[in-house]
Structures are given as structure tokens and as C-alpha cells.
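Note sheet for the following structure.
Number of protein chains: 2
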Amino acid sequence: MEKPATIKDIAKRLNISLSTVSRALRNASDVNPDTKKAVMALSEELNYQPNKLALSLRQKQTHTIGVIVPNLDYVLSLMVRGIDEVALEAGFTVMVCQSNESFGREILNTRRLLESLVDGFIISVSSESKSFEHFKKIQERNLPVVVFDRVTPHLTAPSVRIDNEEGGFVATEHLIEQGYKRIAVLAGPENLGVSNSRMDGYLNALKKHKIKKDPALIVHCDFNQDYAYFATLELLAMKKRPDAIFTISDRMAIGAMLAIKKKGLRMPEDIGLVGFNNEPVTSLVTPAISSVDMPSFELGKAAAKLFIETMHNKENMDLEEKVLKPKLIIRESSQKLPIKK
Amino acid sequence: MEKPATIKDIAKRLNISLSTVSRALRNASDVNPDTKKAVMALSEELNYQPNKLALSLRQKQTHTIGVIVPNLDYVLSLMVRGIDEVALEAGFTVMVCQSNESFGREILNTRRLLESLVDGFIISVSSESKSFEHFKKIQERNLPVVVFDRVTPHLTAPSVRIDNEEGGFVATEHLIEQGYKRIAVLAGPENLGVSNSRMDGYLNALKKHKIKKDPALIVHCDFNQDYAYFATLELLAMKKRPDAIFTISDRMAIGAMLAIKKKGLRMPEDIGLVGFNNEPVTSLVTPAISSVDMPSFELGKAAAKLFIETMHNKENMDLEEKVLKPKLIIRESSQKLPIKK
DNA sequence: TTCGATTCCGGCAACGTTACCGGCAACCAT
DNA sequence: ATGGTTGCCGGTAACGTTGCCGGAATCGAA
Chain C
1 MEKPATIKDI AKRLNISLST VSRALRNASD VNPDTKKAVM ALSEELNYQP NKLALSLRQK
61 QTHTIGVIVP NLDYVLSLMV RGIDEVALEA GFTVMVCQSN ESFGREILNT RRLLESLVDG
121 FIISVSSESK SFEHFKKIQE RNLPVVVFDR VTPHLTAPSV RIDNEEGGFV ATEHLIEQGY
181 KRIAVLAGPE NLGVSNSRMD GYLNALKKHK IKKDPALIVH CDFNQDYAYF ATLELLAMKK
241 RPDAIFTISD RMAIGAMLAI KKKGLRMPED IGLVGFNNEP VTSLVTPAIS SVDMPSFELG
301 KAAAKLFIET MHNKENMDLE EKVLKPKLII RESSQKLPIK K
Chain L
342 MEKPATIKDI AKRLNISLST VSRALRNASD VNPDTKKAVM ALSEELNYQP NKLALSLRQK
402 QTHTIGVIVP NLDYVLSLMV RGIDEVALEA GFTVMVCQSN ESFGREILNT RRLLESLVDG
462 FIISVSSESK SFEHFKKIQE RNLPVVVFDR VTPHLTAPSV RIDNEEGGFV ATEHLIEQGY
522 KRIAVLAGPE NLGVSNSRMD GYLNALKKHK IKKDPALIVH CDFNQDYAYF ATLELLAMKK
582 RPDAIFTISD RMAIGAMLAI KKKGLRMPED IGLVGFNNEP VTSLVTPAIS SVDMPSFELG
642 KAAAKLFIET MHNKENMDLE EKVLKPKLII RESSQKLPIK K
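Chains C and L, in that order, are what the protein sequence lines are.
Residues in the first sequence are numbered consecutively from 1, following the working numbering.
Residues in the second sequence are numbered consecutively from 342, following the working numbering.
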């Protein structure tokens with residue numbers, strides 16, 4: 001019922017001008033302590049809240065960050081919480097949009113957020129995106145853009161990510177050390193940087209241990225449980241089937257696990273399995289799946305911090321690139337050797 | 342670099358007035374077809390986008406819905422996607438805030454969204470909330486509020502939920518029919534309506550089958566895997582331990598499962614288990630856990646639709662209450678009898 | 001007494017948009 | 001011709017806020 005109070009209401013009630021009220025409410029210089037006190041008291045009484053719309057319109061800043069993510073699975077939703085936490089602290093509001101891994105949707109989200117006049121973007125790109133013109137358009141408007149988690153070399157922007165190569169490396173080396181000989185990798189979509197980096201780590205580990213890479217053991221498939229399931233079935237149907245699988249996500253690891261069980265094979269005895277992301281589900285299934293853990297919440301926080309930094313010194317856009325370290329969590333699915341003390 | 346074009350720019354370039362441009366861009370009545378065409382063409386060329394801030398300020402509508410959820414777990418994130426889908430279609434933007442099940446945070450979220458001048462709220466209440474004054478304040482401002490999933494009798498508002506009583510009933514009756522005799526229930530926090538309704542369903546099923554209710558078998562604990570784990574351990578340590586457990590969420594079911602395994606008991610032979618929500622994890626663990634499925638995505642869509650309705654005829658605020666039906670999914674954890682054809 | 005400095009305040013314009021009102025032609029019917 | 005209708009357009013105010021400028025009042029000092 002009650003319309004929210006405005007500066008005008010306060011001014012009228014105190015018989016002073018709008019300008020004075022406005023100054024009293026914030027600057028405090030150039031205003032009589034008594035009137036200031038009176039204004040404060042009345043604004044309290046009327047429960048005055050500055051109208052953000054008017055403010056934003058005036059100073060051309062909405063204090064809003066547009067966040068675009070491919071989905072809100074366990075890891076990304078943790079990251080978003082990290083972003084949210086830091087942003088809130090700094091007086092920003094975040095608007096989260098899901099692209100659902102769709103390129104078209106991502107463009108739509110960008111446009112929508114641009115229309116909402118966000119002050120900048122924090123982005124994790126969709127796996128479907130091969131063109132990045134829509135993001136470049138943002139930068140042309142001189143709005144800060146920070147890329148996180150799913151970074152891409154095709155977009156020049158400050159970024160925060162984990163060391164995916166390292167992750168792929170430790171996962172693979174662990175399998176090698178456990179005595180697995182034919183290690184397959186379920187890589188994600190080919191154009192996704194994250195996917196390729198993890199695979200590079202895999203390749204590096206092979207090279208280090210002088211294992212020849214076998215193209216038949218490298219399978220690209222969609223970031224998805226069902227695809228992983230069928231891909232694994234095919235792998236297991238090979239004449240010389242792999243004796244271990246590294247999947248670049250836990251979703252895919254689950255798919256692989258189901259396929260392995262379906263074939264009646266045992267983990268870790270017949271097949272070793274390591275996933276990526278360390279989603280809670282990996283510790284719940286039987287056998288529990290080894291996985292590469294990443295500091296998701298921290299990563300989100302770092303992204304938001306970097307965004308705010310970038311925002312404050314726009315000229316100094318020299319592309320900071322922050323890289324966090326992943327950590328392998330070993331569970332039953334890959335623990336073939338007895339645990340050495 | 343380029344500042345976005347405004348109506349003023351168009352007017353200047355065409356040597357006509359602001360008003361005419363404004364009318365040409367939308368109303369189309371009262372404006373010469375030729376000038377209209379010219380305006381359209383130029384606005385296209387300049388890539389004109391109406392400034393939402395100015396619009397909102399002018400017409401006192403932001404076309405934004407504030408959504409407050411206790412968390413973004415599997416079920417709620419599905420619901421939010423449902424809300425998003427319908428809202429977008431109707432030209433609304435949603436701002437999602439997580440209360441993290443915290444009362445204080447919920448108040449903070451409310452205030453923030455109110456400051457952002459959202460047009461209304463779609464809310465699922467935190468489990469910690471016992472007072473609802475902050476929500477009532479919204480209603481006093483004459484903003485539409487729709488409650489979904491976690492409804493509460495203490496807040497008078499249109500709502501969308503599933504039939505939790507029914508869900509509790511079918512889950513419990515299923516356990517009874519499978520031959521379980523001492524059925525315990527892990528209920529959630531006591532003040533949470535959802536929790537109590539599901540428990541009511543449990544009680545109704547007992548009553549129907551003439552089983553005496555045993556207070557020792559009714560355990561309230563936090564909505565949380567760890568609490569459920571310990572609560573289950575205690576249940577299993579009883580002299581006359583239960584032979585089945587119904588948990589009102591899958592998180593709790595997981596906790597219960599871990600406790601049951603820890604004790605070396607078998608499901609479904611020694612203990613039957615049914616959860617609630619039908620999260621994907623229930624089908625992945627061993628044994629797969631029976632669970633009550635709910636149409637989450639649909640529920641979200643229904644909530645958004647109801648919101649938009651409520652928004653359009655505010656006077657007609659006669660508290661529509663929409664109830665969707667849950668559905669029991671039977672899996673290994675409760676399938677004691679052979680499946681009858 | 002006069003002048004400059006200081007303190008405090010109000011008016012105006014602007015951010016980008018639209019609602020409202022009024023005005024000027026041109027047309028038609030009387 | 002006159003008056004009313006219609007089609008088209010422009011000016012103004014307003015949404016709530018702040019930045020800028022100028023001005024009045026007061027005070028201290030020369």
C-alpha cells in the first residue's frame with residue numbers, strides 16, 4: 001500500500017531542498033550537522049531506501065554482474081556460490097544465466113544481460129560454442145569480462161581456472177603407477193579447452209612413462225553420462241580392450257562405471273577408473289570412484305575478485321591469468337595395489 | 342567505445358521530436374507510416390536498444406522476479422529452471438538468491454531483492470525460518486508473492502507444491518506391503534511444513550494398516566546426510582530395531598544407507614529403505630534406493646505461471662493452491678518380495 | 001566599514017523514456 | 001465559409017537521483 005519514501009518526501013517534510021537532503025544522506029560535507037541529523041532521523045523513520053533504478057540511470061552503473069554458465073551442476077553451482085559471496089561483499093548483485101551448453105542460448109543470455117545493463121560479465125563458456133563474437137562485442141562496449149573454469153584461447157580476457165593439464169597428468173600417472181597398461185581416456189567435446197588440456201595431461205603422463213599413445217584409446221564424446229556409457233561399451237568390446245579408463249568428468253565416469261558393471265567386469269581388478277571433479281556421488285557408488293578434486297568454491301571467489309579488480313583499473317587490462325591446483329582423491333575404483341605405508 | 346544509441350540520437354538524425362520516435366518505435370498509432378519506416382530503419386542501423394533502467398523508472402516496473410530458494414540442489418535447481426523458462430517466455434528476468442537454509446540470509450536476500458525493485462517474489466522458505474514477517478512486509482508493499490515447494494501455513498499466499506502427504510503415504514504403504522513391520526521415519530526439521538506433511542502421510546499409512554505408531558521410531562533431524570547417518574545409527578542400536586526406514590529426502594536416505602552398510606545390514610533383506618525426491622544418485626548407489634519422484638521442472642513452471650497470473654489480477658488474490666502428484670519409484674532397497682506380474 | 005573567505009543551501013539540468021495535452025493542417029459534411 | 005473530425009506531430013513534465021553552479025548569510029580581519 002505504502003509507496004516507498006523518496007528524497008522528495010523527506011525534503012517536503014523538512015522544508016528543505018532535494019539537493020540538501022541528497023547531500024545530507026551521503027556526502028555529509030557542505031551540510032549543517034543539525035539538518036543532517038534531522039534528515040537522518042526522518043529517513044530512518046520513513047524507512048527510506050534510495051531507488052536503485054534512478055541511481056543506476058544517473059551514474060550509468062548498475063552494480064550488477066552478469067554470470068553465464070553452461071549449467072548448474074555440482075561444481076558450477078559451487079563456483080557460482082563463490083562468485084556470489086565475493087560479489088555481495090563488494091556491493092554487487094549477480095544475475096546468473098544458464099546456457100544449457102547451447103550456443104544459441106548463450107548468445108541470448110548475453111543479449112539479455114546486456115539489455116539489463118550489467119556492469120560486466122563472468123563467463124564459463126558452453127561446450128557448443130565455437131565462435132566467440134558475442135563475447136567480443138561485450139568487450140567492444142568496454143565492459144569487463146572475466147572467464148572462469150572453461151577458458152578458451154579464442155577469447156582474450158583475464159581468467160581463472162584450474163590446472164587441467166596437471167589434473168589429467170596426476171590421474172593418468174596414478175593409473176600407471178597402479179600397474180595399468182592400456183589406459184583409455186574419455187575426453188569431452190573436441191573444441192572444449194578444458195577437455196583438451198586434461199587430455200594433454202594424459203598424453204604427458206604416457207610420454208613420461210614411455211607408453212605409446214594409442215589413438216584407439218582416445219575417445220571424444222559428449223559431456224554426458226549416456227554417451228560415456230556407450231563409448232565405454234565400445235571400448236570394452238575391443239579385441240585388446242583397455243584395462244583402465246580416465247574420464248574427464250565424473251558424469252562420464254558414472255557412465256563408464258555402469259558400462260563396466262554391465263559387462264560384468266570388476267573395478268579395480270579388471271578395470272581401473274578415475275574421474276574428474278570429485279562430485280559427492282563418486283564416494284557413494286560401489287566401488288567408490290577416484291576423482292580429481294578441484295577447489296570450486298575458491299575458484300568462484302577468485303573469479304569475482306579478479307572481476308572487481310579488472311573493473312577498477314580498466315586500462316590495466318593485462319590479462320591476469322590465475323591457475324589453481326587440482327588434487328587427486330584416490331578411492332576404490334583405481335586402487336589395485338595394496339596401500340603402502 | 343560506442344555509447345549505445347538513444348531515442349534522442351534517432352530524433353536528432355531524423356529531425357523529428359523525441360515523442361514521435363518513441364511512438365514510432367512501439368505504438369505505431371498516431372504516426373505517419375513513412376516516418377515510422379524511417380525510424381525503424383535508423384534504429385536498426387544504430388542497433389538501438391531501449392534503456393531498461395529508464396523504462397523501469399518511468400513505468401515503475403522492472404519485469405524482474407525475485408526468487409529465493411534455500412539451496413540449489415538437484416530438485417530446486419530443476420524447479421528454478423522451470424521458473425526461468427516460463428518467466429523468460431513472459432518477458433521477465435529472474436534473480437535467484439540462495440538463503441543457504443539460513444533465516445538471517447533469507448531476510449538479507451529479501452531486502453536485497455526489494456532494493457533491486459523486483460516486481461514480486463517466488464519463494465521456497467528456508468528450513469530455519471520460524472518467523473515470516475519479512476515476507477509479510479513484501480505483501481504489505483502490495484507485491485505479489487508465490488510460495489512453492491516448501492509452503493507454510495503461516496504465510497498466506499498462492500502456492501504450488503506437491504502432495505507431500507500422499508508421497509509419505511505411498512512410500513510407507515509400499516514398505517508395509519513388502520512385509521516390513523517396524524517402520525521408522527527420518528523426518529526433517531520440526532517446523533518445516535514439507536517435513537510434517539510427509540510424516541502425516543506416514544502416519545496415515547500406519548493407521549490404515551492398523552499399525553500402532555511408535556514415537557521411538559519417529560526421528561526429527563536436520564535435512565542433512567550426516568545427521569541422518571548418526572540418527573540411523575541410533576535407530577539401529579535400539580533393542581527392537583526398525584526393519585525399514587522412510588526418509589523424507591534422498592540426502593537423508595544416503596546417510597541412512599551409509600549407516601546401514603556400516604552396521605553390516607543388508608538391504609532390502611534386513612532393512613527396507615525409501616527416500617524422497619528421486620535424485621539421480623538413488624539409482625546409482627548399491628543397492629539402488631527407492632524414492633518418491635516429484636515433477637520438479639513442472640512445479641517450477643507452474644509456480645512461474647501462477648506468479649504471472651497473480652501479478653495480472655492483484656485484486657483477485659484468492660490464494661490459488663496448486664498441488665501436483667508425486668510418484669513412487671521402486672528400486673532394490675525396498676523390493677523384498679519378488680515382483681508380481 | 002568593507003572585503004574576502006567560509007558555511008550552508010537551493011535551483012537547474014541531466015540520465016532515457018513515455019503519458020498527456022494541445023496544436024496545426026487537411027479533410028469532410030453541412 | 002464554417003465547424004467538426006481526423007491524422008500527425010511537438011512540447012512538457014515526470015520517474016528519483018546527483019553534480020554543478022551560484023547565492024545568501026555569517027564571520028573574521030584589515
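The beta-carbon is built from N, C-alpha and C at its ideal position, and this holds for glycine as well.
These numbers come from a predicted model, not from an experiment.
Delimiting residues of the beta strand (DSSP E) encompassing residue i
i	result
C/T6	That residue, C/T6, is in no beta strand (DSSP E); it is neither H nor E in DSSP.
C/S290	S290 to D293
C/E247	Contrary to the premise, residue 247 of chain C reads as Thr rather than Glu in this sequence. First-last of the beta strand (DSSP E) with C/T247: A244 to T247.
L/T314	Since the first residue of chain L shown is 342 and the last is 682, residue 314 of chain L is not available in this structure.
C/L273	G272 to N277
L/I670	K668 to I670
C/T64	T64 to V69
C/K239	Neither: C/K239 is in no beta strand (DSSP E) and is coded neither H nor E.
C/K322	E321 to L324
Range covered by the alpha helix (DSSP H) that runs through residue i
i	result
C/K210	First-last for C/K210: undefined, no H or E at that position.
L/I601	D591 to K603
C/S296	S296 to H312
L/L417	Y415 to E430
L/L625	V622 to L625
Chain-ordered neighbours of residue i on chain C, where CB pairs are closer than 7 Å
i	result
L/S397	L53
L/I595	L284
L/Q390	E115
Counted within 10 angstroms of its Cβ, other Cβ atoms place residue i as buried (16 or more) or exposed
i	result
L/R672	buried
L/N373	exposed
L/H515	buried
C/Q59	exposed
L/Q402	exposed
L/R607	exposed
L/I680	exposed
L/R452	exposed
L/R339	No answer is possible for residue 339 of chain L: the residues shown for chain L start at 342 and end at 682.
C/A216	exposed
L/L454	buried
L/F564	buried
C/S291	buried
C/N164	buried
C/A237	exposed
C/G275	buried
Contacts of residue i in chain C (Cβ-Cβ under 9 Å)
i	result
L/V622	P280, V281, L284 and V285
Contact set between residue i and chain L, taken where Cβ atoms lie within less than 9 Å
i	result
C/L72	L413, S418, V421 and R422
Heavy atom of the ligand HEM within 7 Å of residue i beta-carbon
i	result
C/A288	The model depicted lacks the ligand HEM and carries no ligand whatsoever.
Q: Mind checking the region 110 to 127 of chain C against chain L and listing, in chain order, the residues whose C-beta falls within less than 8 Å of any C-beta there?
A: Hits within the stretch, in order: R112, L114, E115, S116 and L117.
Q: At 4 residues or longer, and completely inside the region 432 to 484 of chain L: list those alpha helix (DSSP H) runs for me, N to C.
A: Entirely contained in the region 432 to 484 of chain L, the alpha helix (DSSP H) runs reaching 4 residues are, in chain order, 444 to 456 and 474 to 481.
**Q.** Contact residues within the region 433 to 451 of chain L, judged by C-beta distance below 9 Å to chain C
**A.** Within the region 433 to 451 of chain L, the qualifying residues are T434, V435, M436, V437, C438, Q439, N441 and L449.
Q: Taking only runs that begin and end inside the region 11 to 59 of chain C, name each unbroken alpha helix (DSSP H) of 4 or more residues, in chain order.
A: Unbroken alpha helix (DSSP H) stretches of 4 residues or longer found wholly inside the region 11 to 59 of chain C: 18 to 25, 33 to 45 and 52 to 59, given in chain order.
Q. Listed from N- to C-terminal order along the chain, which residues in the region 78 to 89 of chain C have their beta-carbon within a distance smaller than 9 Å of any beta-carbon of chain L?
A. Taking 9 Å as the Cβ-Cβ cut-off against chain L, the residues of the region 78 to 89 of chain C that qualify are V80, R81, D84 and L88.
Q) Counting only runs that start and end within the region 484 to 559 of chain L, where is the beta strand (DSSP E) found for 3 or more residues in a row? A) The beta strand (DSSP E) runs lying completely inside the region 484 to 559 of chain L and spanning 3 residues or more are 486 to 489, 500 to 503 and 524 to 528, given in chain order.
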